[in-house]
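Residue numbers (the UniProt record's numbering): 243 to 606. Each residue gets a CB set at the ideal place from its N, CA and C atoms; glycine is no exception.
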Ligand code: F6R
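Structure (structure tokens):
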């Protein structure tokens, strides 16, 4: 069942190119998003003036990536809500809000209850779900299935990537239907998106190099993940992945926010995983990295630079393939997943069955 891999998690990490191709390709016709086979009509998106994404954990972090893309590329306001909070807050959604719930299992009780609440305010509900016929899929107005296949490891990997891809496709559809983006703009973006599976194949070749870095992490008590923009959203997922399977305390920070308090936690040797793939904020992230480096941090930098030799910037550089900024998340997350996996294994943990966690959370 594990196809020769020692754990499901690493098997599932390697399945991402296939999972992404299966999720993206059937929804693309003539390089434009097409949801006809999913029975999702354009009317779902017509007149949408804002979006609320509701989810938990990794699924919520995938929503965060989608939020950043949709808001920055198409100018449509997006709120991402933690399902267990949304349920008890006063909803500010109405008929013109598109509610997107994201869930691998389709059974997470807080996400399900949040969907039920949202349906009292808007008929525009769309579930991005992996498990066919699950409760959330059945109760949502519309469903866009991700085709990751069964995810066995407790820590989500391939399900995250396909959720991000689904959010991007929905964003493109919204951009077109609401007139915020032109067909040619979307075609260009989607031709890049279709290339993502082969880019990930390239990143998977870095597995050994990344596993060596994991050896450096196993004795750490704390780790920090920093970035700006899309890279910040990714930091949250990277920190969660490390925490849940390696039991190392990890925090994600918007790189520019560290100096407002948290930088006092950086001491000699503290691992900082910095992600710097976004051109518009690249130099800002680099100066934030120098700030932590000057305080003794051990910096692992993920960027699209071919090479970085300046050791005042980082201790180790992981170079990911060149791609447009919005798509680099798919590459960087694979690095973060591999790093978390080998750190867990290096500590003698079972990455597939982390303590205290269940695959599907059906308690409130
Ligand atoms: C972390 C992880 C969890 C789930 C969360 C939501 O690796 O898997 O954070 O993402 O419990 O689960 P679903 O997506 O099934 O609603």
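Item: Given residue 425 as reference, the closest of 260, 593 and 273 once Cα atoms are compared; Value: 273
Item: Outcome for residue 600 when other beta-carbon atoms lying within 10 angstroms are tallied against a minimum of 16; Value: exposed
Item: Spatially closest choice to residue 461 from 443, 343, 594 and 488, by CA coordinates; Value: 488
Item: Cβ-heavy atom distance, residue 603 to the ligand F6R, below 6 Å; Value: yes
Item: Every unbroken beta strand (DSSP E) inside the UniProt domain "SIS" (282-422) [3 residues or more]; Value: 292-297, 320-324, 339-345, 367-371 and 384-387
Item: Supposed close pair residue 405, residue 344 - CB separation, criterion 8 Å; Value: 5 Å
Item: Completely contained alpha helix (DSSP H) runs for the stretch 474-536, where each covers 4 or more residues; Value: 524-535
Item: For residue 293, the nearest candidate out of 316, 275 and 475 (CA to CA); Value: 316
Item: Residue closest to residue 244, alpha-carbon to alpha-carbon, out of 295, 594, 328 and 548; Value: 594
Item: 6 Å CB neighbourhood of residue 322 in its chain, flanking five on each side removed; Value: 295, 305, 306 and 309
Item: DSSP bridge partner residues for residue 271 (one or two, in chain order); Value: 274
Item: For residue 312 and residue 318, the rounded distance between their alpha carbons; Value: 6 Å
Item: Separation of residue 289 from residue 249, as counted between CA atoms; Value: 46 Å
Item: Of the residues 523, 578, 531 and 532, the one placed nearest residue 567, counting alpha carbons only; Value: 523
Item: Nearest neighbour of residue 279, chosen from 598, 286, 269 and 285 [CA to CA]; Value: 269
Item: Given 8 Å, three or more beta-carbon pairs between the stretch 462-472 and the stretch 424-444; Value: no
Item: CA nearest to the CA of residue 511, picked from 551, 499, 465 and 481; Value: 465
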